[in-house]
Every structure is written in C-alpha cells, then in structure tokens.
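I have placed the structure first, in the form of structure tokens, so that the comments after it can refer back to it.
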Amino acid sequence: MSAEATTIRRRGGNERKYRMYRLQKASAPYIFILPGVVFYLMVTIVPMITGFWMSFHNWSIIRPTQPWVGLANYRKLLADPLFWTSMKNTLTYSLGVVPLQMALALLVALLLNTGIKGKKFFRLLYYLPVITPLSIAAVIWTWMYHPNLGIFNQIVSIIGLQPQDWLGDPNWAMFSVILVAIWSGIGYRMVVYLAALQGIPRAYYEAAAIDGAGRWDVFKYITLPLLKPTTLYILVTSVISSFQVFGLINVLTGGGPLDATQVVVSYIFKRAFGDLQFGLAAAMSFVLFGIILLITVIQWKFLGREVTYE
Amino acid sequence: MTNRMSRYGAMILAVVLLVGLSCSVAAQKKVTIVHWQHHSPARFEVVQTFAEEFMKQNPNVTIEIESVPESDYFQKLLPALAAGSGPDTFQIPAGQVPAYAASGVIQPIDSRVATAQQIEAEFIPPAIKRLKQGGKYYGFPVDTQTIVLFYNPALFKAAGLDPDRPPQTWDELIKYAQAMNKRDDKGITTQMGVATGGYGPVLISLMIQNGAPLWDTKAKLPDFNLPQAIEALKFATDLVNVYKVEDPQFGSRWNAFRQEKLGMVFAHPAMIGSFRATVPDLEFRIAEVPAPKAGGSRSTLLTSWAYVVSNKAQSEICSKWVAFMTSAEAQKHWTLSTGDLPSRRALLDLPEYKNNPLLAPCMESMKRSVPAPWTTRRLDDELIRKAYQLVTLKGETPAAALKWLTTEGVQAEKEQQELAKP
Numbered sequence: 030m031s032a033e034a035t036t037i038r039r040r041g042g043n044e045r046k047y048r049m050y051r052l053q054k055a056s057a058p059y060i061f062i063l064p065g066v067v068f069y070l071m072v073t074i075v076p077m078i079t080g081f082w083m084s085f086h087n088w089s090i091i092r093p094t095q096p097w098v099g100l101a102n103y104r105k106l107l108a109d110p111l112f113w114t115s116m117k118n119t120l121t122y123s124l125g126v127v128p129l130q131m132a133l134a135l136l137v138a139l140l141l142n143t144g145i146k147g148k149k150f151f152r153l154l155y156y157l158p159v160i161t162p163l164s165i166a167a168v169i170w171t172w173m174y175h176p177n178l179g180i181f182n183q184i185v186s187i188i189g190l191q192p193q194d195w196l197g198d199p200n201w202a203m204f205s206v207i208l209v210a211i212w213s214g215i216g217y218r219m220v221v222y223l224a225a226l227q228g229i230p231r232a233y234y235e236a237a238a239i240d241g242a243g244r245w246d247v248f249k250y251i252t253l254p255l256l257k258p259t260t261l262y263i264l265v266t267s268v269i270s271s272f273q274v275f276g277l278i279n280v281l282t283g284g285g286p287l288d289a290t291q292v293v294v295s296y297i298f299k300r301a302f303g304d305l306q307f308g309l310a311a312a313m314s315f316v317l318f319g320i321i322l323l324i325t326v327i328q329w330k331f332l333g334r335e336v337t338y339e
Numbered sequence: 523m524t525n526r527m528s529r530y531g532a533m534i535l536a537v538v539l540l541v542g543l544s545c546s547v548a549a550q551k552k553v554t555i556v557h558w559q560h561h562s563p564a565r566f567e568v569v570q571t572f573a574e575e576f577m578k579q580n581p582n583v584t585i586e587i588e589s590v591p592e593s594d595y596f597q598k599l600l601p602a603l604a605a606g607s608g609p610d611t612f613q614i615p616a617g618q619v620p621a622y623a624a625s626g627v628i629q630p631i632d633s634r635v636a637t638a639q640q641i642e643a644e645f646i647p648p649a650i651k652r653l654k655q656g657g658k659y660y661g662f663p664v665d666t667q668t669i670v671l672f673y674n675p676a677l678f679k680a681a682g683l684d685p686d687r688p689p690q691t692w693d694e695l696i697k698y699a700q701a702m703n704k705r706d707d708k709g710i711t712t713q714m715g716v717a718t719g720g721y722g723p724v725l726i727s728l729m730i731q732n733g734a735p736l737w738d739t740k741a742k743l744p745d746f747n748l749p750q751a752i753e754a755l756k757f758a759t760d761l762v763n764v765y766k767v768e769d770p771q772f773g774s775r776w777n778a779f780r781q782e783k784l785g786m787v788f789a790h791p792a793m794i795g796s797f798r799a800t801v802p803d804l805e806f807r808i809a810e811v812p813a814p815k816a817g818g819s820r821s822t823l824l825t826s827w828a829y830v831v832s833n834k835a836q837s838e839i840c841s842k843w844v845a846f847m848t849s850a851e852a853q854k855h856w857t858l859s860t861g862d863l864p865s866r867r868a869l870l871d872l873p874e875y876k877n878n879p880l881l882a883p884c885m886e887s888m889k890r891s892v893p894a895p896w897t898t899r900r901l902d903d904e905l906i907r908k909a910y911q912l913v914t915l916k917g918e919t920p921a922a923a924l925k926w927l928t929t930e931g932v933q934a935e936k937e938q939q940e941l942a943k944p
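Protein chains in written order, with our numbering: chain A, 30 to 339; chain B, 523 to 944.
Take a look at the structure:
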C-alpha cells in the first residue's frame with residue numbers, strides 16, 4: 030500500500046472523528062435537556078393540548094366516546110352567570126390581595142433590612158405563615174372569625190362596633206378570605222424583596238448621602254427603581270397565583286355563602302369533578318388562561334423595561 | 523384392536539385429567555380485588571374486618587383497600603377509571619349509578635351472585651331504586667341514611683319539657699325550641715333551641731313530609747314551585763328569621779350538640795356513631811321527625827351510596843365481595859359500628875333494633891323513607907342550601923328562592939340525564 034493511500038485513509042479517519050465530535054458537541058445539550066423537555070411536555074404541553082381539544086367536546090371523563098360540540102361550551106360559559114360571578118370574585122380577590130400584600134411585604138423587608146434588633150426573629154415570624162399548612166391555618170382563622178367566640182368580634186365589640194359573621198355573611202366573607210391570604214403570603218414576598226434590597230450596591234446610597242438626599246428621596250429615586258425587576262417578578266407571579274386561588278377558599282368557605290367567595294378555579298373544579306362536565310370546565314380553563322396571559326402581557330409592557338444605573 | 527382401544531382410552535383419560543387439572547388450577551388462581559372508598563376511620567375499620575373475613579372464606583382472594591379522603595375521592599377515582607387503572611370495586615353516590623352504567627365503566631351485579639328478583643325481594647325499594655338500569659342492578663346500597671331528630675333530654679328537663687314526649691308536629695317543635703333557646707343580655711345566643719343547619723337532605727325531607735312531590739312527572743325534571751315546598755322552606759327559614767330559635771352565628775351545630783348547648787338537631791342516624799366516638803358520656807335521644815300537622819307524614823329523604831363493580835373486574839368474585847359487604851350480617855355490623863341503617867327488609871324489624879330506643883325510630887324512618895327522584899347530586903345539598911340562604915341571608919321570599927332553585931335544578935338534572943344517555 031502506498032504512503033499516499035495511508036495518508037488519505039488516515040485523513041478520512043480523522044474527518045470521521047471530527048464529524049462525530051461535531052455531532053456530539055451539537056447534540057449534547059439536547060440530550061441533556063431531553064429528560065426535562067419530555068417531562069415538561071408530559072405534564073404541561075400535552076395536557077394543555079388535550080384540555081384545548083376537550084373544550085370542543087361534551088366530554089365526560091368516564092364515557093368512552095366524547096361528542097364534538099364545537100364552540101358550544103364557550104357559548105355556554107358566556108351565558109353562565111355563576112362563571113361571571115366567580116370571575117368578578119377572582120378579580121376582587123386579586124385586587125384586594127396583590128397590592129396590599131406587596132406593599133406590606135416591601136415595608137417589612139425595608140424594616141428588616143435596617144439595623145433593627147431581633148432581625149432574625151422577626152424574619153422567622155413573618156415567614157412562619159408561609160410554612161404553616163393551609164388546613165391548620167384555616168382552622169386557626171376559622172376560630173378567630175367565629176361569630177360568638179372569635180377574637181375579631183371581641184375586638185370590634187370593645188371598640189363599640191357590631192359583631193359580624195365574618196365567614197358566614199356574603200358581605201364580609203370575601204374580605205375575611207383576603208385578610209387570610211395577605212397574612213399567608215407576605216413572608217415569601219418579604220424574603221424576595223429582602224434579597225433584592227441586599228443586592229443594591231451601597232455606593233448609590235453613599236453618593237445620595239453626599240448629595241444630601243433625604244430618606245424619602247433615597248427610597249423614591251434609588252431603592253424603588255432598583256427594585257423594579259423584583260417588583261415586576263413579584264407582581265406577575267402574585268397576580269397569576271391570585272387568579273389561581275383554590276385551596277384557601279376551599280378550606281375556609283367552600284365558595285360560599287351564596288357564592289360570595291366562589292372563584293374561577295374552584296368553580297372549574299366543581300363543574301369538572303362534581304358535575305362531570307369536563308368539556309365545559311376545560312373551556313373555562315382556557316378563558317382563564319387567556320385572561321391571565323393578557324394581564325401578564327400588559328404588566329410586561331408597562332413595567333418590563335429594565336432599570337440600570339450606570 | 524383391544525390394545526388400540528385401551529391406548530385411545532388412556533389418551534382420552536389423560537386429556538380429561540389435564541383439562542380438569544388446569545381448570546382446578548385456574549379456579550385456585552390468586553385473585554386480587556382492589557377496593558376504593560371514601561375515608562372515615564369507623565368505615566375503614568369495618569371494611570377491613572369484612573375483607574379479612576372474606577379472604578378467610580376465599581383463600582385465593584386478596585383484597586387491597588384504599589380509603590381516600592372524601593375531598594380527594596372523585597379527583598382520584600375519575601381519572602383512574604378513565605385511564606383503565608381504577609379499582610375493581612368502589613363506592614359512588616346512588617344517584618350517579620345511571621351515568622356510570624351508561625358510560626360502561628361499571629358492570630351489573632353477576633346474576634350467579636344475586637338476580638334482580640333476589641335483590642328486589644331482599645332490599646327495601648327506596649334503597650335500590652336508583653341502582654337499576656335496563657332491568658339490571660349495578661350495585662348494592664351502602665351508607666343508607668334518613669333524617670331523624672336528635673335531642674338532649676337534660677335540656678328538655680331544664681326547660682320543663684318531657685323528654686319522653688319529643689315534639690310531634692312542626693308547631694310543637696317551635697314551642698319546644700323556644701323553651702330551650704337562651705340569649706344573654708347583649709342578645710347573643712348562649713343555648714340554641716333547634717338546628718336544621720340549612721342542610722339539603724333535611725330541607726328536602728321537610729318538603730316531602732309536607733306532600734311536595736318535587737318532580738314534574740311529565741317533563742321528568744325537578745319542580746320546587748309548589749305550595750307545599752314553599753310552606754316547608756318557610757317553616758325552616760322562619761326558625762332563623764322569625765322565631766329566632768336557630769342562630770347560624772352559633773357555629774357548628776354538631777359541636778353545640780356535643781357541648782349540650784343545642785336542644786334538638788335534625789341529622790342522619792350516622793351521627794350516633796360520631797357522638798359516641800367523640801363524647802362517650804353525652805346523653806341524647808332520637809325521635810322520628812315531627813309531622814307538619816298532627817297525624818301527618820314523617821317520611822324523610824333516603825340518601826345512599828352504592829358499592830359497584832368496575833367493568834374490567836372479574837365479575838363473579840367482585841360481585842360476591844360487594845354482596846358480602848352488604849349482606850344481612852354485614853349490615854348489622856354497619857349499624858352497630860357506624861350508624862348506617864340496614865336496607866334489607868329482614869333486618870328492619872329485628873327485636874334488637876325494635877327494643878333499642880336509639881335505633882327503633884331510625885328503623886321506622888327507614889321504612890317510611892323516600893328516595894330523591896332526580897339524579898343530580900347538586901340538588902341533594904348545594905343548590906337547596908343556596909335557596910335556604912337566599913331567604914335567611916338575602917331576605918328573599920321562599921317562593922322566589924324555590925323559583926330560582928327549580929331553574930338551577932332543571933339545568934343540573936338535564937346535564938346528568940345527558941350523561942346517562944347510552
């Protein structure tokens with residue numbers, strides 16, 4: 030065999046190796062993310078597509094054949110007053126919980142970011158509701174709201190106001206649920222804000238101090254703008270989770286009295302698993318999805334511009 | 523020739539023996555029955571006892587019981603049935619049997635275990651009415667309950683009432699409740715006369731007692747726009763709004779009764795077990811519900827679940843297992859342990875029940891009981907409770923509330939009837 034042929038074969042061998050190397054390099058990231066992608070497809074994308082398909086059928090989970098009904102489920106939900114009541118209640122809940130929860134979480138984070146004594150104890154105290162099981166929290170709050178024995182009515186009686194049936198009166202039930210939701214969610218948001226506050230470089234504050242800025246100016250022109258990405262994150266996730274509230278309302282009021290605390294997700298659950306109307310429930314889920322998506326896009330559009338101080 | 527014949531004979535014998543052996547092996551083949559039901563500690567214990575006994579009698583059978591909390595029960599059962607990985611036997615509300623049967627996820631009770639005629643001869647009609655589809659029974663009744671009146675004799679005595687003479691009419695009930703009701707100087711209830719809790723089966727029972735059929739036989743749909751139903755709802759809501767002998771702000775009626783702060787409460791007989799388990803020293807008595815007027819009806823709503831067999835399960839052995847859990851012996855056990863009422867005709871007049879002051883009125887109420895004519899579960903409690911709250915919380919008239927209830931009930935029933943179409 031000539032030396033030339035050997036060289037070509039060797040070169041050919043190297044090319045194969047090189048091609049293999051390039052292929053491996055190109056495919057390795059996909060192989061690594063493959064399990065995650067498969068899992069995500071399995072638990073999110075496939076159910077979403079199936080759910081969308083279901084929404085066009087009179088779908089009963091136990092029936093072997095599911096008749097196609099086109100847009101009938103969407104028309105039915107548009108004409109369902111209870112769906113719109115639950116949507117209105119969800120909006121009330123969201124507007125009641127999110128702004129107050131965020132403001133209080135920021136306030137607590139600002140206080141705990143100072144040299145206050147017992148800082149660790151207070152952080153623990155505010156975070157405790159986050160790790161308290163919902164069912165236990167609900168029992169405690171139910172007792173606090175008890176019309177005859179609860180602490181709330183003891184307090185309102187002392188200040189001369191009329192005792193209320195906090196969870197049993199349609200006029201007060203949503204307010205009472207919002208209060209519990211705020212209490213249970215401050216801790217998590219406080220921790221996120223605290224981490225963001227500690228990430229703001231001291232140099233900005235020192236420069237502001239040299240320029241003679243007051244506390245309010247420092248907060249308004251340095252802290253708040255630099256917290257904007259964090260605020261956006263908390264706002265988006267809080268709004269989404271407030272639209273998806275279920276467990277808290279389920280254990281506190283079950284949606285009552287007289288649907289005063291009936292929210293969209295609990296209504297969807299009831300229509301699906303209580304009445305076996307899975308097609309209708311799927312249509313409701315997609316309407317809810319559209320609303321959440323729209324609100325999130327609006328939030329990004331108006332608050333999503335990143336702030337940097339060069 | 524003889525040799526050939528004996529060879530053939532030996533071969534036939536061998537084949538027969540082999541077939542027989544394989545059949546016997548198949549008969550002895552291990553069978554596992556997966557049984558699901560919603561959880562309560564007492565019920566779980568009872569079914570476990572049954573399973574042990576059944577496995578003793580059928581050594582080739584293993585029963586695996588899964589007791590699922592009621593709040594998660596359907597969330598778990600329905601997807602499992604849809605995926606074909608559900609249990610072999612399970613319980614569902616009796617009203618939902620037509621929908622499940624039409625969908626094909628459950629199978630009729632195996633006729634080798636019990637024929638339709640046998641079931642009809644052995645069980646009282648209201649307990650099995652909702653279990654029949656196309657001439658076949660799809661389950662056995664369980665958790666059968668009526669409505670009775672629990673009362674506290676000590677509070678009766680303290681109010682100058684005779685504990686041996688519980689109220690006989692609705693008017694008497696109001697008078698008794700007024701005698702026991704107490705409020706402090708601020709007007710806060712400290713002891714309550716009576717409680718219905720606005721509970722659906724109680725309200726429906728009052729309407730049934732008052733002669734309301736609650737069903738439009740022509741349209742085959744629920745109908746609450748009836749003077750008798752309006753009068754019954756008025757009676758229940760007047761206890762809160764007019765006579766003020768029931769105070770929704772008093773908190774849980776069960777806790778109030780346990781703490782001897784409630785004179786009378788309408789409840790399912792199953793509360794016997796609950797009261798005994800939680801407050802063993804509590805002295806209470808039971809009476810049939812008072813009639814609307816002297817000599818009137820004491821019929822109440824019969825609510826029940828059904829033990830059913832999945833379509834993929836082995837028909838005979840699984841039917842045998844659900845029949846075992848609802849046999850006469852089993853029903854006696856249920857009554858003693860959980861307060862579930864027997865639905866077998868032969869048991870209702872047993873001397874041991876007739877002579878038991880707590881159980882005797884329950885058995886009488888069982889004999890008079892009436893099943894709901896509809897199949898939707900929403901009418902059993904959720905919707906009727908809302909109608910009650912429309913009157914007690916929003917001040918609407920009973921007639922307006924029942925008009926709303928009829929509209930909602932018709933829609934809910936139509937949805938269930940649609941599901942029950944084959």
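For glycine and all other residues, C-beta sits at the position ideal for the given N, C-alpha and C.
Just so it is clear, the structure is predicted and the values come from calculations on it, not from any experiment.
* Asked: How would you call A:TYR69, buried or exposed, if buried means at least 16 neighbouring beta carbons within 10 angstroms?
  -> exposed
* Asked: Run through DSSP, which three-state label would B:VAL547 get?
  -> Any reading at B:VAL547 must be qualified, since the residue scores a pLDDT of 47, below 50, and its modelled position is unreliable; the value itself is stated next. Helix.
* Under 8 angstroms between the Cβ atoms of A:PRO93 and B:GLY656? -> no
* Asked: Per DSSP, what kind of secondary structure is A:ILE90 in: helix, strand or coil?
  -> coil
* **Any C-beta of chain B under 8 angstroms from that of A:ARG51** => no
* **Those runs of the beta strand (DSSP E) which lie wholly inside the segment 640-722 of chain B and span at least 3 residues** => 662-667, 670-673, 711-717
* Asked: Just curious, the alpha helix (DSSP H) that A:MET77 is in, first and last residue?
  -> 75-83
* To do: Any chance you could list the alpha helix (DSSP H) runs of at least 4 consecutive residues sitting entirely within the segment 101-144 of chain A, in chain order?
  => 101-107, 110-141
* To do: Could you check if A:LEU136 is buried or exposed, using at least 16 other CB atoms within 10 Å of its CB as the buried criterion?
  => exposed
* Asked: Skipping 5 residues on each side, what residues in its chain have a beta carbon closer than 8 angstroms to that of B:VAL892?
  -> PRO648, ILE730, SER821, THR822, LEU823, LEU824
* To do: Give a yes or no on whether 8 angstroms exceeds the smallest Cβ distance from B:VAL547 to chain A.
  => Low confidence applies to B:VAL547: its pLDDT is 47, below 50, so where it sits in the model is not reliable, and the reading given next is rough at best. False, the Cβ-Cβ gap to chain A never drops below 8 angstroms.
* Asked: Taking C-beta to C-beta, are B:LEU761 and B:VAL716 nearer than 8 angstroms?
  -> yes
* Asked: Applying a beta-carbon distance threshold of less than 7 angstroms, which residues of chain A neighbour B:GLN771?
  -> PRO176, ASN177, ASP194, GLY197
* Please list the segments of the beta strand (DSSP E) lying wholly inside the segment 610-642 of chain B, counting only runs of 3 or more residues, in order along the chain. => 611-615
* Asked: Mind pulling the chain A residues with CB within less than 8 angstroms of B:SER607?
  -> Near B:SER607 there are no residues of chain A at all, since even the closest Cβ is about 13 angstroms away, more than 8 angstroms.
* Could you tell me the distance, in whole angstroms, from the CA atom of B:CYS545 to the CA atom of B:LYS551? => With a pLDDT of 47 at B:CYS545, under the threshold of 50, the modelled position of this residue cannot be trusted; read the value that follows with caution. Each residue's Cα considered, the two are about 10 angstroms apart.
* Are the beta-carbon atoms of B:ILE669 and B:PHE788 separated by less than 8 angstroms? -> yes
* Minimum Cβ-Cβ distance from B:LYS936 to chain A less than 8 angstroms -> no
* Are there three or more Cβ pairs, one per stretch, closer than 8 angstroms when the segment 169-179 of chain A is compared with the segment 247-260 of chain A? -> no
* Asked: Run through DSSP, which three-state label would B:TRP476 get?
  -> With chain B running from 523 to 944 in the structure shown, residue 476 of chain B is simply not present.
* Does the count of Cβ pairs from the segment 261-269 of chain A and the segment 127-135 of chain A closer than 8 angstroms reach three? -> yes
* Asked: Got a sec: is the Cβ-Cβ distance from A:GLY80 to anything in chain B below 8 angstroms?
  -> no
* **Spatial neighbours of B:ALA758 in its chain, beta-carbon cut-off 8 angstroms, leaving aside the 5 residues before and after** => THR718, GLY720, VAL724, LEU725, LEU728, TYR910
* **Neighbour-count burial assignment, B:GLY682, 16 or more Cβ in a 10 Å radius** => exposed
* Residues of chain A with CB under 7 angstroms from B:VAL627, in chain order? -> ILE91
* To do: Step through the CB atoms of chain B and report whether any lies within less than 8 angstroms of the CB of A:GLY303.
  => yes
* Determine the DSSP secondary structure at A:ASP246, reduced to helix, strand or coil. => helix
* **Contacts that B:ILE710 makes with chain A (C-beta to C-beta distance below 7 angstroms)** => ASN177
* Segment limits, beta strand (DSSP E) that includes B:LEU823 -> 823-832
* **B:VAL553 to B:PRO609 span [Cα, whole Å]** => 13 angstroms
* N-terminal and C-terminal residue of the beta strand (DSSP E) that B:GLN589 is part of -> Note on identity: in this sequence residue 589 of chain B is Ser, with Gln being the wrong assignment. 583-590 is the extent of the beta strand (DSSP E) around B:SER589.
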